[in-house]
Amino acid sequence: MVEKYEKVMGTIERRKERLDRGIKVRTEGIYAISSLEEVAYLVLPRLILITGLLLLPAVIPSLYWKRVISITCIYALLALGFDFLANFVGLVSLGGAFYIGAGGYMAAILNKYVGLSPIFTIPLATFSGAIICTLLLLPALPLRGVYFAIVTLMYPLAIARIIEALNILGGTDGILGVAGFPTRWIEQYLIILIVIFALFGLRRLVNEDIGLVFRGVKDNDQAVRASGLSITLYKSIAVFIASGLGSLGGAYLSHIYMWSGISQFALDFSIIPIAATVVGGGGTLVGPLLGCFFLVPISEFLRAFGTLRIVFYSLILMAFIMFRSEGVMVYAQRKYHQFERWVKV
Amino acid sequence: MDILIYGIVNSFSLALMAIGFTLVYGISRLPNFAHGALYVITGFGVWWFIHKLHLNYALSIILALVLMGLIGAGVYRFVLIRVRGMATSEIIATYALGLAILEFLRWRGFKGMTYTLPVFMEGSIQLAGVPIDLQRIIVIGIGIVVISFMWLFTHYNKIGLALRGMAQDEHAAMMLGIDSDWMAIIAMAIGSILAGLSAIVLLPLGNIVVEAGYNVLILSIAVCIVGGLGSWVGAILAAFMIGFVQILTVRYIQSHFHMVVALLAIILTLILRPSGLFGRQKELEERV
Amino acid sequence: MKEEPILQVLNASKSFGGVQALVDVSFEVKEGEVFGIIGPNGSGKTTLINCITGFVKMDSGKVLYRGKEITNRPPNYIANLGITRTFQIMRPYYSLPAYKNLIIPLFSPRARRKGGWRGGGKLGDRATVSIDILEEIGFERDSFVPYKLASSLPTGYLKRLELARCLALKPDLILCDEVFSGLSMSEIASMVPLIEKLQMDGITLVMIEHRLRELFRVANRVMVLNFGAILTEGIPEEVMQDERVKEAYLGSEKLLDYTFEA
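Chains as they are written, first to last, in this note's numbering: chain A, 16 to 360; chain B, 86 to 373; chain C, 6 to 267.
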């Protein structure tokens with residue numbers, strides 16, 4: 016870790032030292048902090064992220080772009096779920112739209128037909144949407160390999176078609192007249208707080224003991240079974256968490272647009288989170304979030320081009336997965352930890 | 086009687102769609118989520134050759150198939166080779182590729198009734214009292230030809246045998262001097278040609294629409310899972326099962342449930358017999 | 006050593022396609038003993054362990070654990086009863102540090118039942134407990150070794166890590182699949198006392214081994230498998246003299262003596 020010695024200014028000997036030296040003890044994740052600077056070194060990036068997110072609605076003037084922030088946050092929830100499933104549990108979910116749709120329709124039904132206010136519909140839709148998704152995905156969970164990807168790919172396509180064909184749940188028109196949020200500020204700050212909470216919650220979760228079990232399932236499912244843990248159980252817990260995040264986003268979306276319809280099963284919801292994760296850096300959880308804040312606004316600029324947006328994402332996604340599969344955030348983190356400073360010897 | 090005949094037609098269509106997917110997966114363990122996109126692109130390719138370049142039908146078909154082979158090989162050589170062995174990346178890369186192709190076609194406005202391919206032969210005949218058009222007979226014919234050709238190819242041709250070797254044990258095959266990447270390129274090329282062939286045979290029965298890309302992908306995956314991923318014989322058997330169930334559903338319940346049959350078939354298979362009809366036990370012998 | 010059987014296998018049979026991996030195998034393991042299973046390559050030893058622990062479904066036959074039937078139950082259920090196994094091809098969680106490898110078994114229902122809800126006694130912190138277990142199994146506590154990524158550990162430590170993963174479950178019965186293979190002589194020399202210590206602690210061990218000399222030092226009884234069927238069973242001295250065993254192993258008496266004595 017000591018990079019090099021150098022003689023500067025005659026008598027004083029100085030050497031370069033990595034900033035994180037002295038903070039990291041023995042292994043990743045165990046820190047020994049002894050000064051304010053070191054606290055700042057660890058806390059500053061997080062602080063910048065949180066304040067940045069909280070300031071966004073205040074600094075952006077146009078109503079249109081304020082709406083985009085909320086939408087971005089919904090995508091960010093999906094991307095967090097995708098990253099969690101793909102890089103910590105080893106399940107590749109190609110159907111983020113399925114979670115959005117489940118949550119969105121649940122919220123719309125609860126609001127429109129049961130008459131609950133958004134305060135209740137959002138948590139209830141999150142919970143019930145997650146249960147529906149987990150139950151429907153359950154058959155694919157005991158298996159290894161591509162089955163989960165296949166099943167998640169099929170559900171949003173098939174369910175949209177079923178709703179269309181049977182003309183249930185409002186058919187192609189969707190469910191109209193869902194209640195909106197009282198003010199713009201509540202709408203934005205609530206979802207931003209949810210995203211921050213989800214981000215740090217997931218980060219905590221994957222470093223807890225249960226998070227290690229998830230990573231064990233990804234690394235080596237046979238050894239997890241030999242350790243007396245049911246992989247199906249832990250995979251379903253993980254799917255429940257990820258689809259809960261998606262359903263929360265879907266419920267929120269229904270209340271933002273005051274409408275819930277088949278377009279909630281659209282491909283955008285499946286492909287953008289994946290692209291954001293790959294571009295942002297899989298396995299970091301922060302990366303996908305930042306990826307969303309990069310890709311979704313671009314998507315808004317490209318709105319005039321229709322489905323060309325999806326082509327654009329797919330190509331970015333392919334380019335990143337082929338040439339820079341670690342993603343931006345992994346690179347940035349590595350560089351950040353390699354910062355050096357001069358110390359006296 | 087008409088159920089029997091249309092069931093057979095439908096089953097052969099499914100088998101034709103699925104055979105390319107199962108071949109690629111069986112040989113190089115690559116789930117080709119771009120399969121549906123390759124199917125649609127062939128349809129539009131042939132249409133374009135006929136209507137824009139004014140080539141004759143047979144020539145456009147041959148051109149399109151050659152092009153498909155090149156595209157398949159190119160996709161492996163330039164895209165998949167970089168992500169080989171990383172299951173997550175393989176899935177995402179092929180999925181992204183498929184989406185890019187399909188949504189690009191959609192953006193270019195390839196939709197609606199204007200895009201059709203001519204049938205090979207006009208007219209229809211009576212078969213045991215059931216009217217059936219000649220194109221559907223051709224579907225059955227080509228289905229049989231393709232299946233038997235693939236069987237002969239993998240049993241009596243050096244490259245075919247090498248492909249089967251790859252399917253059984255990639256490392257052992259490599260030690261015996263079989264170039265794993267070359268075989269995967271060939272598998273992708275053949276898989277794409279088969280996707281294209283099925284498109285050329287099946288598309289004259291209806292319009293060319295971008296949605297078909299997703300439908301074909303879902304149907305072929307359903308067939309492959311029910312048959313046991315990568316199992317060749319299983320896929321054909323599963324095509325017959327799903328094909329007949331679909332026709333029965335359309336006949337006795339409602340045509341909307343056409344798609345639901347595929348989904349239910351997958352879910353039931355995963356619950357009851359995850360390895361499919363011909364999973365695990367027989368896979369060593371029958372994977373190609 | 007108590008006399009009652011902890012594990013009984015009755016008429017176990019398993020075939021893969023046309024190959025009979027196990028033919029009508031019946032034996033029992035007594036509580037507290039070290040039971041060796043030997044046999045040439047491909048004689049069905051690993052399949053037997055896979056069948057007992059539920060990783061492979063048996064075609065016919067029964068497995069009883071303390072008189073209770075556990076045939077073809079899922080592996081996690083069997084592990085929670087206290088039957089754990091090591092893998093011949095080691096399967097640590099390569100992306101995790103060694104001590105975090107043990108947190109996963111410590112999370113299991115059995116470990117939580119036996120060692121408090123946090124899986125590790127009064128202290129309760131799984132990381133602490135896992136380092137204790139690693140020290141017991143031969144990882145130097147104050148070195149960097151327990152904190153290293155499993156992917157950077159040498160074979161000797163990985164074999165120990167496999168055993169440690171079993172110990173974290175507080176097992177009654179450990180099925181060891183070739184724990185000595187791939188180790189140097191000195192590493193084996195330090196493994197043998199470890200096995201003896203586990204037996205002293207009251208854990209029953211079933212050991213599949215190719216290193217016969219070391220196995221015969223620790224084993225109380227030995228069973229010989231050949232082509233999926235039991236050839237003979239008995240105390241090591243008897244088995245060593247058995248003509249059929251010598252034949253099955255090498256087909257030549259001279260070579261056999263060489264292996265046994267060297």
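For every residue, glycine included, the Cβ atom is placed at its ideal position computed from N, Cα and C.
Nothing here was measured: the structure is a model prediction, and the numbers come from that model.
Test: residue i CB closer than 8 Å to a CB of chain A
i       : result
F21(C)  : no
W192(B) : yes
Y70(C)  : no
F189(B) : yes
F60(C)  : yes
I310(B) : yes
M344(B) : yes
T160(C) : no
H341(B) : yes
S189(C) : no
Minimum Cβ-Cβ distance from residue i to chain B less than 8 Å
i       : result
G321(A) : yes
M273(A) : no
V221(A) : no
V166(A) : yes
Y162(A) : yes
C-alpha distance - residue i paired with residue j, whole-angstrom precision
i       : j       : result
Q4(C)   : T91(C)  : In the structure as shown, chain C begins at 6 and stops at 267. Residue 4(C) is therefore absent and cannot be evaluated.
V24(C)  : A180(A) : 50 Å
D264(B) : F335(A) : 27 Å
S100(C) : Y162(C) : 15 Å
P151(C) : L139(C) : 7 Å
L155(B) : I57(C)  : 51 Å
F284(A) : I115(A) : 7 Å
M235(B) : M63(C)  : 36 Å
I375(B) : Y110(B) : One cannot answer for residue 375(B) here, as it falls past the ends of chain B, which runs 86 to 373.
S85(A)  : A169(C) : 49 Å
R165(C) : M205(C) : 18 Å
S186(C) : F40(C)  : 17 Å
Range covered by the beta strand (DSSP E) that runs through residue i
i       : result
A172(B) : No beta strand (DSSP E) contains A172(B), which is instead part of the alpha helix (DSSP H) from A172 to W192.
A238(A) : It is not in any beta strand (DSSP E) - A238(A) instead sits in the alpha helix (DSSP H) that spans D236 to A241.
G66(C)  : S65 to Y70
T149(A) : Looking at the DSSP string, T149(A) is not in any beta strand (DSSP E); the run it does join, the alpha helix (DSSP H), is P133 to L152.
F32(C)  : V24 to K35
Min CB distance residue i to chain C below 8 Å
i       : result
G243(A) : yes
A155(A) : no
A238(A) : yes
I252(A) : no
G342(A) : no
Inter-residue CB distance, residue i and residue j (contact presumed, cutoff 8 Å)
i       : j       : result
L263(A) : G119(A) : Actually they are not in contact, since the Cβ atoms of L263(A) and G119(A) sit about 10 Å apart, beyond 8 Å.
S283(B) : L165(B) : The Cβ separation is near 21 Å, so there is no contact.
H343(B) : T334(B) : 7 Å
I176(B) : V232(A) : With 8 Å as the limit, I176(B) and V232(A) do not qualify as a contact, their Cβ atoms being about 18 Å apart.
A241(A) : A103(C) : So it is not a contact: roughly 17 Å between Cβ atoms.
T179(B) : A149(B) : Contact doesn't hold; Cβ gap of about 21 Å is too wide.
Under 8 Å between C-beta atoms of residue i and residue j
i       : j       : result
G361(B) : S316(B) : yes
E183(C) : I142(C) : no
L236(C) : V229(C) : yes
F205(B) : I225(B) : no
A26(C)  : G49(C)  : yes
L182(B) : A143(B) : no
C307(A) : T87(A)  : yes
V210(A) : L106(A) : no
L184(A) : I178(A) : yes
R33(A)  : W357(A) : no
I229(A) : F103(A) : It should be pointed out that residue 229(A) corresponds to Phe in this sequence rather than to Ile. Yes, they are a contact pair.
Delimiting residues of the alpha helix (DSSP H) encompassing residue i
i       : result
R32(A)  : With the sequence shown as reference, residue 32(A) is identified as Glu, and Arg is not the correct amino acid for it. Note, E32(A): premise wrong, no alpha helix (DSSP H); beta strand (DSSP E) at E28 to R33.
P171(A) : Y162 to L181
F342(B) : Note, F342(B): premise wrong, no alpha helix (DSSP H); not H, not E.
Y328(A) : L323 to F338
G239(C) : Not the alpha helix (DSSP H): G239(C) falls in the beta strand (DSSP E), residues A234 to G239.
N81(C)  : P80 to L86
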